[in-house]
Amino acid sequence: MMEWNEDKAQQIVGKHKKRFSWRLSLKVVRVIAAVFFLYFIYMMVISMLFNSTTNGKRVEFYQKLAIDWTYPEFSSEIGISHDHEVTPFLTQRIEIPLTRRIGTEDYIVSDLTLSKRLFSSLSHVEIEKNYPSNSMDQGFTFNLPINPNTGKRLDGSEQPDVWNTLEKIHEGNVADLAFSLGDYYTPKEIVELISPYDLHIIWMPLYMGEMKKFSEGSWGRSNNSMSISQWGLSGARLMDDDLESGSLTYVLNLDSVEDSQVAMLENMQMMLNENKKLAEVLLRTDYLQERYDYLNEEGFQAYGAVVTGPVKELLKLRELQDIRSVQLGEITYWNWYEE
């Protein structure tokens, strides 16, 4: 008969303890591996389902139109990036590099990150300006020529002496510049107004019936000047039905300005027909239909422009009697070449 003592008891307990610990560790590893495998399958299924639809491409296209129409100084690349991330919590994340045309070149100046739940129109847009800039530009603003409520003439806002600044800048530089006008013009009339100068028109602020047909968003008033949330005409952005390829017009001129107006109306109508709620969220408006109706019925009424070109050509704009609220944007070295 085996003699029982404390040492033998400890040996037996230790042996079973090691065996139990090893089995427990193996079970933990198996559970972790199973969790990772199920997570991989889950994400693969989500990605396959997401990529099998055009939802991600459509959201990106809508967001790029929102950039074109509501950010005077920014644009984005032509095509759809296909670099869409879907998180485990079913949130779609899209990163869009924002470009700024100074002279005849486009510079990446910022990033826009769009986060949107897959089964909801709710979204969050964040713009991070993490690229170096050459000026203290905080974004262009424009002043209305006429008070929509009273019909009385308005003044432009006081700005730093842009003309003196342009006089002091060496002629071997190019820049972008924004200005307002003392009356409403058709986009074609503004193109003709700027045509004597060696400049390119990038964007034009538009009046769409604000404070007359609807009231929305922030608007500012100082003395006898007034500004509203910025909407405007940019070069036409077109996409094929499959959202795989398209085209982008960079400059508003006599050849492109009317086509760009048609494209804007067609894109607005497309948004209204396909997903009005999503479009209004990304465009930050509750009145997309009203804006479309006003443009369609009353025509395009522009009251300023964003232009770019050689600094000495920009300086010549002071000859225009109707120009006001002039703002100088970014400045860079000469790149003014025939396109």
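Heads up: take any position in the sequence shown, counting from 1, add 1092, and you land on our numbering.
By construction, the Cβ of each residue, glycine as well, lies at the ideal position given by its N, Cα and C atoms.
Nothing here was measured: the structure is a model prediction, and the numbers come from that model.
Asked, Found
"Is it true that the CB of Leu1246 sits closer than 8 angstroms to the CB of Pro1237?", "yes"
"Let me know if Trp1295 comes out buried or exposed under the rule of 16 or more other beta-carbons within 10 Å of its beta-carbon.", "buried"
"Determine the direct distance from the alpha carbon of Pro1279 to that of Asn1241, and round the result to whole angstroms.", "23 angstroms"
"From Leu1204 to Leu1364, what does the alpha carbon distance come to, in whole angstroms?", "24 angstroms"
"With Gln1393 as the anchor, note down where its beta strand (DSSP E) starts and where it stops.", "Gln1393 to Pro1402"
"The alpha helix (DSSP H) that contains Asn1359, what's its start and end?", "Val1349 to Leu1375"
"Excluding the 5 residues flanking Leu1291 on each side, which residues of the same chain have their C-beta closer than 6 angstroms to its C-beta?", "Val1399, Gly1401 and Glu1405"
"Is it right to say Tyr1379 is buried, meaning 16 or more other beta carbons lie within 10 angstroms of its own, or is it exposed?", "buried"
"Less than 8 angstroms between the beta carbons of Ser1326 and Asp1160, yes or no?", "yes"
"Quick check on DSSP: helix, strand or coil for Ile1261?", "coil"
"Within 10 angstroms of its Cβ, does Arg1150 collect 16 or more other Cβ (buried), or is it exposed?", "buried"
"Could you check what DSSP says for Pro1279 in three-state terms: helix, strand or coil?", "helix"
"Is it buried or exposed, Asp1268, if we count other Cβ atoms within 10 angstroms and call 16 or more buried?", "buried"
"Determine the direct distance from the alpha carbon of Gly1324 to that of Ile1200, and round the result to whole angstroms.", "21 angstroms"
"Going by DSSP, name the residue or residues bridged to Met1300.", "Note: Met1300 sits in no beta bridge, so no partner."
"Taking the alpha carbon of Glu1259 as the reference point, which residue from Val1403, Thr1196 and Glu1187 has its own alpha carbon closest?", "Val1403"
"DSSP three-state label for Trp1255, please.", "helix"
"Going straight from the alpha carbon of Ser1117 to that of Ala1126, what length do you get?", "14 angstroms"
"When we look at the beta-carbon of Glu1358 and count the other beta-carbons within 10 Å, is it buried (16 or more) or exposed?", "exposed"
"Mark Asn1388 as exposed unless 16 or more other C-beta atoms lie within 10 angstroms of its C-beta, in which case mark it buried.", "exposed"
"Using the C-alpha atoms, what's the distance from Tyr1289 back to Leu1273?", "17 angstroms"
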